[in-house]
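Contents: one structure, followed by commentary.
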Amino acid sequence: MRLALYQPDIPQNLGAAIRLSAAFETVLDVIEPCGFPLSDKAIKRAAMDYGTCAKVSHHASWEAYLTFLLADMPSARLVLFTTKAAAPLYEFSFRDDDILLMGRESAGVPDDVHARADARLFIPISAQARSINVINAAAMALGEALRQTNSFPARPHTTPHATLE
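Once you know that position 44 of the sequence shown is 44 in the UniProt record's numbering, the rest is easy, because the numbers rise by one and skip nothing.
Shown next, in the form of C-alpha cells:
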C-alpha cells in the first residue's frame, strides 16, 4: 500500500502526510511540482521526529511518476480520491498493492490523471460541504484500505488498556 500526493500546495499537509505514512508503515510518493520549495531538507523538516521511520519518494513530474510505476510496480492500481467520482470509498475492494492518490488542495488533478486512474472514489460527506482536508481524506482512505487488506502495522501492547464499564 502506498499513499501518493499529486503536486501538494501546502507544506503542513505534506508534513501530516509524512507522519500518517510513517505511522501506518506505508510509502509516501510526492509528485512534483509542489506549491512550495521541496528538497530533502524540507522533507526532513516536515517529517519532524518521524524522519527515521518515514519512507518518502519524490518524483519530478507526473510523467516521471508514471515511468516509475510502469517500471517498478506494473500491477499496482492507481486509486484516485476525488469529488468527481461515482463510487464511494466503502464500496471498493482494496488490494495491498494499491496506490491511494490524493489531488492538489487547490485544484484536484487534471483530466489526464483522472483518465489514468484505475479507480476513482469519493468519501461521502454532507451535501453542504464542498470537500474535506486532503490529509483527513488520506487518513480515512488509508485506514479503510489497511482495514480491508488486514495490513495495519503490528504494535506490541506495552501497557494494559483501560476498559469501560
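No residue lacks a Cβ here, since even glycine has one placed at the ideal position from N, Cα and C. On a predicted model such as this, the values are computed, not experimentally measured, just so you know.
- Distance between GLU144 and ILE123, taken at the CA atoms: about 11 Å.
- By DSSP's assignment, ASP29 forms a beta bridge with ALA4 and SER57.
- The DSSP-derived three-state label of PHE122 is strand.
- Going by beta carbons, ILE99 and ARG19 fall outside the 8 Å limit.
- Ranking ALA87, ARG104 and VAL27 by CA distance to the CA of ALA54 puts VAL27 first.
- The DSSP-derived three-state label of ARG77 is coil.
- In this structure, the alpha-carbon of TYR65 lies about 6 Å from that of HIS59.
- Residue nearest to ILE132 within the set ASP29, ALA23, ARG104 and SER151 is ARG104 (criterion: CA-CA distance).
- DSSP, reduced to helix, strand and coil, places ALA139 within a helical segment of the structure shown.
- A contact between stretches requires three or more CB pairs, one per stretch, nearer than 8 Å, and the segment 110-117 fails this requirement with the segment 146-156.
- Apart from the 5 residues on each side of it in sequence, PHE36 sits with its Cβ closer than 7 Å to the Cβ of PRO11 in its chain, given in chain order.
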